[in-house]
Each structure stands twice: as C-alpha cells, then as structure tokens.
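Trainee: My questions all concern the structure below.
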Amino acid sequence: MPSHDSRPLRERARAPSEVELGSIPWLAVLEPDDQRMARSSIVLAHAGPGEQICRIGRPATYWFGVLEGLLKMSNEPGAGAPVTFTGVPPGAWFGEGTLLKREPYRYNIESLRKSVVAGLPVDAFHDLLARSIPFNRFVLNQLNERLGQFIAARETDRLNNPDARVARNLAALFHPVLYPGVGQLLRITQLELGYLVGLSRQRVNEALQALQERRLIAVEYGGVRVLDLQGLRSYAPPA
DNA sequence: TCATTAAATTGTT
DNA sequence: AACAATTTAATGA
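Numbering-wise, the first sequence is residues 0 to 238 according to numbering that gives the first Met the number 0.
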C-alpha cells in the first residue's frame, strides 16, 4: 500500500508498464536503439498529496514526467506565504534545464494529489542528448514552448481581474504541446485551482461559472473541460 | 454486480 | 468559514 509507505520516492520506484510508457510522447520519436535504452531506464513512482518530488538544492538525478495527477512548482521554500506557483499537469516533462547545467534543483516540486511520476535517470538523459537528434529536437521545442508560457505568465500576473487570471491560467494548463496528457479535460479541483491562481475557492468557482457562461469551458465534477482554448488565452473581462 | 456508506467536491451563504 | 447538496469512490454481501 503506497499510502502507508514512508520511504523516499526514489526507493519506491518501479518499472513502468507498457501503457504507461505509451503515454510518454518523446519515446515514439526515438530511433529503435535509443528507444530501447530509454524504456529500460525509466522508473516510476507514486506520490501522495503533499509529497515532494524534488527539493531545492538536491542533486539532480532525474528528468521528470507527470503521467497522472497534478504537481505544483514553487520557488519559495519553507512554510511562508506562497508567492509563485505553476501547475504541472499530466504530459509535462521538466527539469531539463537543471540537468543540462548539472546543477542542483532550483525548484520545489510537490504533489497536489495522488500522482504517477516517471523519471529518466540523468545519465540516460545525457546519453540521449549526446546522440539522438530527435530527442534534441523534442527538448528544444519544449524549451521554446515553455519560454512562450513564461512570457504569457508575466502578463497574466499583472492582470487584476480574477476571471481573467483564472482564464489565462487554465489556458496555460491546457497547452497541447507542453501538457499533451491533459487533453480536453483537465482534472483539477476548484480548491487546487485556487492554490495555483492565488484566489479563494469561492472566487475560483465564480470565475469558472463566468467562463462557462461565455462557452469557453464546461465545469465538471473534479475537473474543467476546455471548449475554446483561443478564447481562454485572450479572455478579457467585460467592460 | 448491486446496494449501502464514506469521502470528496461543488455551489451557496 | 461554514453549510447543504451532489458526485464519486470504497466497501462488502
């Protein structure tokens, strides 16, 4: 029972199943030899709510991917007032910047709910980077898309309208390239969304209703379905 | 598989 | 922050 297992995450790693490997987008672009190597290197772990995937200052050992669940990335260690958060939904792969520079992790990543996280060991990551053009292409594209995300996030942070903040944050989480595992239905509670956006659950609920009124999303139990991604990205409050 | 119960989530005050 | 209503997950026959 993983819920009563208090060992560190890396000691609970297990081999991934075929279906789990099938949900990893960059595997398919690799040459057969590289793909074999990657498949046998990848490990999997379950993380419960509040569990840390990686901590600031720890040596970087894996390139991480979210297969199920939801993580949050924070730059504020300790228990002070949370300042900046980024949601990390299914399909996301992260940590390559840290691995590239062979530095310790610069972010805290923790699980918001029961999640399944895959890890590609740092040595395998560098092997692929050294020999596989398709892998480099994937990583480069990922970095480029994420740069766009951060620029958009800066703008979002300046918006003071709660509805707009929720809309833009949702649009970011629905990014089809960075988070292909999300699809049309993002599994996230209104409480979790409140944490990520920095609003109360009540206000998030109000915002979601407003966005639903505009036919941009459909609110479902335990999640949000996207109807108009472009509309979410460019949402502006009514005059 | 179905019915019952507990837990989680939502909508509202 | 508290409450009731709704939906899902868990349990056991």
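Positions of the beta carbon are idealized from the N, C-alpha and C atoms, including for glycine.
In terms of residues, what are the limits of the beta strand (DSSP E) holding Y243?
Mentor: This structure leaves residue 243 out entirely; the chain is present only between 0 and 238.
Trainee: In or out: G221 buried (at least 16 other Cβ within 10 Å) or exposed?
Mentor: exposed
Trainee: Bridge partners for Y61 per DSSP, in chain order?
Mentor: P120
Trainee: I'd like the ranges of any beta strand (DSSP E) spanning at least 3 consecutive residues and lying wholly in the region 91–159.
Mentor: 107–110, 114–120
Trainee: Hey, would you say E50 sits closer than 8 Å to S110, going by beta carbons?
Mentor: yes
Trainee: Spatial neighbours of D227 within its chain, please: C-beta separation below 7 Å, excluding the five flanking residues on both sides.
Mentor: R214, L215
Trainee: Kindly indicate which three-state DSSP category L69 falls into: helix, strand or coil?
Mentor: coil
Trainee: Return yes when at least one heavy atom of the ligand SAM lies under 7 Å from the C-beta of I132, else no.
Mentor: The ligand SAM is not part of this structure, which contains no ligands at all.
Trainee: Helix, strand or coil for H3 per DSSP?
Mentor: Low confidence applies to H3: its pLDDT is 41, below 50, so where it sits in the model is not reliable enough to give any reading.
Trainee: With L43 as the anchor, note down where its beta strand (DSSP E) starts and where it stops.
Mentor: Judged by DSSP secondary structure, L43 falls within the beta strand (DSSP E) whose first and last residues are 42–46.
Trainee: Between L185 and S114, is the Cβ-Cβ spacing less than 8 Å?
Mentor: Not a contact, by the Cβ cut-off of 8 Å.
Trainee: Is the region 198–211 in contact with the region 165–173, if contact means three or more CB pairs nearer than 8 Å?
Mentor: yes
Trainee: For Q183, does the count of other Cβ atoms within 10 angstroms reach 16, so buried, or fall short, so exposed?
Mentor: exposed
Trainee: Would you report the Cα separation of P31 and P161, rounded to the nearest angstrom?
Mentor: 48 Å
Trainee: What residue from F137, H45, R11, K100 has the CA that sits closest to E19's CA?
Mentor: H45
Trainee: Excluding sequence positions up to five away, which residues of its chain have a Cβ less than 7 Å from the Cβ of L172?
Mentor: G86, P88, Y178, V181, L185
Trainee: Which stretch, first to last residue, makes up the alpha helix (DSSP H) that contains L186?
Mentor: The sequence shown places Arg at residue 186, rather than the Leu named in the question. Unbroken run through R186 is the beta strand (DSSP E), 184–186; no alpha helix (DSSP H).
Trainee: Alpha helix (DSSP H) containing G275: first to last residue?
Mentor: Outside the shown range of the chain, which is 0 to 238, sits residue 275, and nothing can be said about it.
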